[in-house]
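One structure is given here, and the rest of the page talks about it.
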Amino acid sequence: MQAVLGELKVSSVSPDSMQLQWSVPRGPFDSFMLQYRDAQGQPQALPIDGRSHSVTVPGLSPSHRYHFHLYGLQGRRKIDHVSTEAVTGTEDPEELPRPSEDEKHEKPQDETPPSDETPMRAVLGELRVSSITPSSVGLQWSVPEGSFDSFMLQYRDAQGQPQALAIDGESRSVTVPGLTPSRRYRFHLYGMQGRKKTDRVSIDITTATAVLEELRVSSITPNSVQLQWSVPRGSFDSFMLQYRDAQGQPQALPIDGTSRSVTVPGLSPSHRYRFHLYGLHGAKRIDRVSTDTVTASEEPLPSEEPQQEKPKTEFPASETLPVRPVLEELKVSSVTPNSVQLQWSVPKGSFDSFMLQYRDAQGQPQALPIDGGSRSVTVPGLSPSHRYRFHLYGLRGKKKINHVSTEAVTAGEEREEQPLSPEEPQHEKPQTEAPASEAPPTTAVLEELRVSSITPNSVQLQWSVPRGSFDSFMLQYRDAQGQPQALPIDGTSRSVTVPGLSPSHRYRFHLYGLRGAKRIDRVSTDTVTASEEPLPSEEPQEEGPKTESPASQALPVQAVLEELKVSSVTPNSVQLQWSVPKGSFDSFMLQYPRDAQGQPQALPIDGGSRSVTVPGLSPSHRYRFHLYGLWGKKKINHVSTEAVTAGEEPEEQPLSPEEPQQEKPQTEAPTSEATPTTAVLEELRVSSVTPKSVQLQWSVPRGSFDSFMLQYRDAQGQPQALPIDGTSRSVTVPGLAPSHRYRFHLYGLRGKKKINHVSTEAVTAGDEPEEQPLSTEEPQHEKPQTEAPASEAPPTTAVLEELRVSSITPSSVQLQWSVPRGSFDSFMLQYRDAQGQPQALPIDGTSRSVTVPGLSPSRRYRFHLYGLRGKKKINHVSTEAVTAGDEPEEQPLSTEEPQHEKPQTEAPASEAPPTMAVLEELRVSSITPNSVQLQWSVPRGSFDSFMLQYRDAQGQPQALPIDGTSRSVTVPGLSPSRRLPLPPLWVAGQEED
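Just so you know, UniProt numbering puts 410 at position 410 of the sequence shown, and the rest follows in order with no gaps.
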C-alpha cells in the first residue's frame, strides 16, 4: 500500500518564520523534504524526520509570499507531495521584543509601579495533548490574555537529562520529537517576556508503544538468510538481531532503525537457526519477534568449482593445511575516546577471513567481519573511558580455527582538547622562509585502497601505509546525485565505513594522504553497492521462493554469459568487458587473486553493467579473472580470462613532460581509434588566482569525456594528480605555494585512456596581501590599497553586516546575516565545539542564514562568519550565543537580575585585572621526528585562551588555538631534523574581561 500525504496547512506565522502541519492518512514515510525559494529566489531544502508532522521554517523575510512543497520520501525516492502558499507577518510587531530594547521596556514598567499590572496581563491557559506517537508528542495551548515574546518548553529525556525547546511567540502548538515509547514525561511550558519567564503551565503524558510484527524469511541460500519484518505502529531507533552460529556461539547484528530487512551472512548449509529481532530505543529493548529457518543444502553450488581449481594451480598441496594457520599477538595500536585500532599477525598459513567480537558499553554483543588479507582494524562507536575485551577469530570458510584476545580502555573526553588545528597566523612569514631540506615529507606512501565489505547503503574501505605516516586522510567521492562529498579521517586509521550510499550504485573513491592541508599521495578504487531486494515492493517476494522451487530452475539457465575480454591494461588496473547474449542477471561477481600471495578478492558488479575496471593490481603480474552471473545470491553461469598488467615505466612518462601523450594513441590502435578522437579539449585558461590556489576553466567543443585528470608538480617538484568529473568545465586547485610558477596539464579520459590534452601556465599571487586581513579586521580596508591603487576597488563593495542569532535550542543555534552591498562567492563559519576543537562550516554565497547543529546545552559559543571571494577572506562579522540549557536554565526563573550584573562587571572599575595575568617559561617537554610538546605556566591571573604561532617547513605561518585551561600542547605535522627556534614559537594569551 502506497503511503499518502494529506493537506499541508499553515498553523502559525511570524515576520521571519512559519509553522506548517500535515497529516499522513495512509502508510508511513521514511522522511520528508520541504522545498521552497527564499526572498532572493534561491531554492532551499529542509530535511524532516519521518515521524514529524509539523515543522517551523526559520529565516524568512517579512511580508513575503512563499510557496512550500512537502515531499514524502521512502529511502531517497519521492512518493507523494503536497503544497501550500502563505505570506509572512509584517515587521512591526517584531520591533518590540528585541533583546537590545529589553531594558527600555522594563524600565518604564518599574517606574510606574502603582496599579499598572501590564507585565502580569499575559496569561497561559491549558497545555493539552493534540497527538501522541511512540517517539513524539504534539502539544497545544492558548493565550487567553495578552501576548508573549516567545515560549520555552522544558522536560527531561529518557536519560533524565534536561531539554529545552525554544518556540516562537506566535505559535500555539509544538511537536516534541525524539522521545522514548511507553515513557511518562512531564512538560513545562513557559511564557517569556524578553528573557524573563512570566507564566507557566505543565502536563504529564505517556508516549505510545512501538510495535514489531511478523519476522519472516524472504530468501534462503546455503550460507545466508534474508529476513523481513514490519513496524505497524511507532518507530525504533535501531534493531538488534541475535542468533547462535553453527558452533553455538551467540552472534549479534546491529541494524539501522529505518531498515525493514536484513541479510544474515556466514551461515552453515542445512543448519537450523532461530533468530530473535529486538526493537530498540536507545539501548533499551522495547519489543521482540522471532522465527526459525533451515539454510539450503550445498547442492546448488557446483558452479563454484572454478574456485577450487584456482588454489590447486597456485598451491598444489594446500588442501591438507586447514589447521596450520596461526594467529598471534592481538595488540592495541591507537586509542581515542570513541574508537580503538587493533593489529595482529599471522606468522604461519593464512585465513579466509577474521571475526572480531566484543561487547558494547550496554553489554550487547557485537561482531565485526574483517577481510582475510587485513592485519589491522579500527573499531568505531565506542564509549569514552570504558574497558573493552576484544576476541579476534581466524576463519577458514565459516569455521573458527584460532583466536587471540586483548583488552583496551578508550581515552577520556579530555584528550580531545590537545590536537587543535591551525588557524593561519600572519606576521612572521618574512622572518623564516629559510632552511632548505624538505625531502622527508615525500617518504609517506599510500597503497592498495580496497573494499572489505559492502551493504546496500554503505561500503567499508581499507588501505595501507607501507612507508612513513600522514597527519590525516581525506576520502572524496560523488553521491548518487553527483554531488561531491568529502570525509575527513584520522591519520592513524587504516579503514573507514562510508555510510548513506544508494543501493546498486557505482561509486569511485579517492583517498588522499595529507600532511597539514597538503595532499601527499593518493589511491583510488571503484565499487558497486549491494542491491536492496526488499525495497521495490512486496510483489518480488513471491518470486523469491519461485526461484528455489523445482519448477523454476530452468529460468536462470536462459541467462548466458559470453566472452570475458580485456579492453585496457595499466600497471595497476585492468578493464574487462563481457556480453550477455541471452537473458539477464541480477548482478555479477568478479573473483581474482589481488596480490602475489594469491589472496582471493571479490568485486560485486551491478547487473546492468557490461564492463568493470579492476583497481589496485601489481605491475607486470599475471591475473586470472572469473566472472559469475548471479540470480539473487546464486551463481548461474561464469566465464574466465587472463591478463598481465603493464610494466611500471609507461606510468612514469606523463608526469614529467606531456608530449608522450601524443605517442600513446598511435601505439594503441592505428585504425580503430577514430571515434574517441571526436571528443576535443580546447583552451585551458586561468580564471582566478590567489596566493595558494588557481582556478582553471576549459571547453569541450565536440564530443564528451568520461572524466578529466589534471596533472602538475607542486612547489617541491612532486607530481600531483587531481581527478575531475566528466561534466565539469572548471576546477580550483588548492594547496599551492605563493608566487610560484605552475604548469598544468588537463587530460580528457575515456575510461582509463587519455584521449586528448591541453596545457597552461600560471603564477600564484604573492603572499603579502593575504597576511593583512587576518590579524585584525581593520586592515580589511587597507588591503585593497596595497593590492592595486586603481583597479581593485570592486572587491571592497562586498560588505557583511550584523551576524545575529535568530533561534536557539540546547543543541543548535540559527544565525542570520545581511550583505547590504556587493556579493560573496561563499561564506565560512568558524567556531569551537564543546571540546575546544575548531570547526569550520562552508556556506553557499547566496545563503543568508545557517543552522549550526551538534552543540552542547548551556554553553557559550563565539561564531566568526567570513565572506569569501574564491579562497580569500574579504570581510568578517562575529557574534556570541549561549545554547539553551537544562537545570541552570531553571534558576534565572525567579529573577533576571543576573542580566543587569553583566554590564557592571564590564564597567569602569574592572580595567585593572587584565594586567594581572602573566605568562611564563615556554619550554619543550618532548620531541619526536614530526611533533613537539610544549609546556608553560601562568603564575598570576588567567587567560580565556592561548594562540600558538610558528612557521612550518615551507615557511608558511601556522596558528594553533588552545583552551585557556591548558598548560601544554603537542604541535603535530612537523618535519624531521628541522630547527624550530623558540622565538618564532610564541604563545599569546587573551585575558579574561
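Every residue, glycine too, gets a C-beta built ideally from N, C-alpha and C. Please read these numbers as outputs of a predicted model, since none were measured by experiment.
(message) Counting C-beta neighbours from all protein chains within 10 Å, is the total for Leu802 16 or more, i.e. buried, or is it exposed?
(response) The question names Leu, but residue 802 is Glu in the sequence shown. Glu802 comes out exposed.
(message) Bridge partners for Met33 per DSSP, in chain order?
(response) Pro47, Tyr71
(message) Pro325 and Ser350 - do their beta-carbons sit closer together than 8 Å?
(response) yes
(request) With a threshold of 16 other CB atoms inside 10 Å of the CB of Glu407, please say whether the residue is buried or exposed. (result) exposed
(message) Using 8 Å as the threshold, is the C-beta distance between Ser297 and Pro269 below it?
(response) yes
(request) For Ser579, I'd like the list of residues in its chain whose CB is within less than 6 Å of its CB, leaving aside the five on either flank, ordered along the chain. (result) Glu562, Glu563
(request) Would you mind stating whether Arg244 and Thr291 have Cβ atoms separated by less than 8 Å? (result) no
(message) Suppose you measure from the CA of Thr797 to the CA of Ser730; what does that come to, to the nearest Å?
(response) 26 Å
(message) Checking 8 Å against the spacing of the C-beta atoms, do Ala737 and Val694 come in under that value?
(response) no
(request) Flag Arg77 as yes if its beta-carbon sits less than 8 Å from any beta-carbon of chain B, otherwise no. (result) No chain B appears in this structure, which consists of one protein chain only.
(request) Identify the continuous beta strand (DSSP E) that holds Asp199 and give its terminal residues. (result) 196-206
(message) Mapping the DSSP letters down to three states, classify Thr443 as helix, strand or coil.
(response) helix
(request) For Ile755, count neighbouring Cβ atoms within 10 angstroms of its own Cβ and tell me buried if that reaches 16, exposed if not. (result) buried
(message) Please tell me whether Ser568 and Val614 are closer than 8 Å, where the distance is taken between their beta carbons.
(response) no
(request) State the start and end residues of the unbroken beta strand (DSSP E) segment that holds Pro503. (result) Per DSSP, Pro503 belongs to no beta strand (DSSP E) and is neither H nor E.
(message) Considering just the uninterrupted stretch of the beta strand (DSSP E) at Arg951, what are its terminal residues?
(response) 943-951
(request) Can you have a look at Gln814 and say buried or exposed, based on whether 16 or more other CB atoms are within 10 angstroms of its CB? (result) buried
(message) Please identify the residue among Tyr950, Pro929, Ala721 whose C-alpha is closest to the C-alpha of Gln468.
(response) According to the sequence displayed, residue 468 carries Gly and not Gln. Measuring from the Cα of Gly468, the nearest candidate turns out to be Pro929.
(request) Taking the CB atoms as reference points, tell me whether Gly146 and Ala164 lie closer together than 8 Å. (result) no
(request) Look up Met916 in the DSSP assignment and say whether it is helix, strand or coil. (result) helix
(request) Taking only the alpha-carbon atoms, compute the straight-line gap between Lys634 and Ser12 and give it to the nearest angstrom. (result) 56 Å
(message) Under DSSP, the beta strand (DSSP E) around Gln228 begins and ends at which residues?
(response) 224-233
(message) Given this structure, state the Cα-to-Cα distance separating Arg288 from Tyr278, to the nearest angstrom.
(response) 5 Å
(message) For Pro581, count the other beta carbons within 10 Å of its own beta carbon; 16 or more makes it buried, fewer makes it exposed. Which is it?
(response) exposed
(request) Could you tell me the distance, in whole angstroms, from the CA atom of Ser823 to the CA atom of Leu253? (result) 51 Å
(message) Would you call the region 824-832 in contact with the region 867-884, where contact means no fewer than 3 C-beta pairs closer than 8 Å?
(response) yes
(request) Determine the burial state of Gln42: buried for a count of at least 16 other Cβ atoms within 10 Å of its Cβ, exposed for fewer. (result) exposed
(message) Quick check on Arg797: does DSSP put it in helix, strand or coil?
(response) The sequence shown places Thr at residue 797, not Arg. Here Thr797 sits in helix by DSSP.
(message) The beta strand (DSSP E) that contains Leu342, what's its start and end?
(response) 339-348
(request) Decide if Glu771 is buried, meaning its Cβ has at least 16 other Cβ atoms within 10 Å, or exposed. (result) Reliability fails at Glu771, whose pLDDT of 32 lies under 50, so the model's placement of it is uncertain and no value is given.
(message) Using the three-state DSSP reduction, which class does Thr258 fall into: helix, strand or coil?
(response) coil
(message) The beta strand (DSSP E) that contains Phe187, what's its start and end?
(response) 184-193
(request) Taking only runs that begin and end inside the UniProt domain "Fibronectin type-III" (799-898), name each unbroken beta strand (DSSP E) of 3 or more residues, in chain order. (result) 799-809, 812-821, 826-832, 838-844, 849-852, 860-869, 872-882
(request) May I have the straight-line CA-CA distance separating Ser849 from Ile167, to the nearest angstrom? (result) 18 Å
(message) So, at 6 Å on beta carbons, what are the nonlocal neighbours of Thr851 in its own chain, with the 5 sequence-adjacent residues on each side left out?
(response) Ser812, Gln814
(request) Could you work out which residue in Ser728, Asp714, Asp725 is closest to Arg743 when comparing CA atoms only? (result) Asp714
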